[in-house]
Amino acid sequence: TERVRAEGLDGLVARLDEPGNVADDRVSLEVFGDAHPYGHPAFGDEAGIRAVSRQALADFHALHYRPGGAYLVAAGDFDVARLRALLE
14 TERVRAEGLD
24 GLVARLDEPG
34 NVADDRVSLE
44 VFGDAHPYGH
54 PAFGDEAGIR
64 AVSRQALADF
74 HALHYRPGGA
84 YLVAAGDFDV
94 ARLRALLE
């Protein structure tokens, strides 16, 4: 968890080292304002990266990453019955 947090913070520093990224963030803030989610970078900020807990990430994953609504697309020369048996 700490390794991933450190990678996120390093990525944030690298992103903010690019003037175009800084300008994009500022334009979003000016256009959408501080109260709107689009006014803030989607990847968060240092305080947010430091504050998120492992449990919060696990809870988010359990809630949003579900197999319902998923699709499997198969192409090529295969036996449909055998594929269905393998998938079940």
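If you're matching positions, the sequence shown starts at 14 in the numbering used here and goes up one per residue.
Glycine included, every Cβ here is placed at the ideal spot set by N, Cα and C.
Legend entry - Length of the line joining the Cα atoms of Thr85 and Leu96: Before going on, a small fix: residue 85 reads as Leu here, not Thr. Leu85 and Leu96: Cα-Cα distance of roughly 11 angstroms.
Legend entry - Backbone secondary structure at Arg95 - three-state DSSP: Correct three-state label for Arg95: helix.
Inset, instruction - Note the first and the last residue of the continuous alpha helix (DSSP H) segment covering Phe56. - result: Where Phe56 is concerned, there is no enclosing alpha helix (DSSP H), because DSSP gives it neither an H nor an E.
Inset, instruction - Output yes or no for whether 8 angstroms exceeds the beta carbon distance between Glu59 and Leu25. - result: Yes, the pair counts as a contact, with Cβ atoms nearer than the cut-off.
Legend entry - Simplified DSSP assignment, three categories, for Val65: In this structure, Val65 counts as coil in the three-state DSSP scheme.
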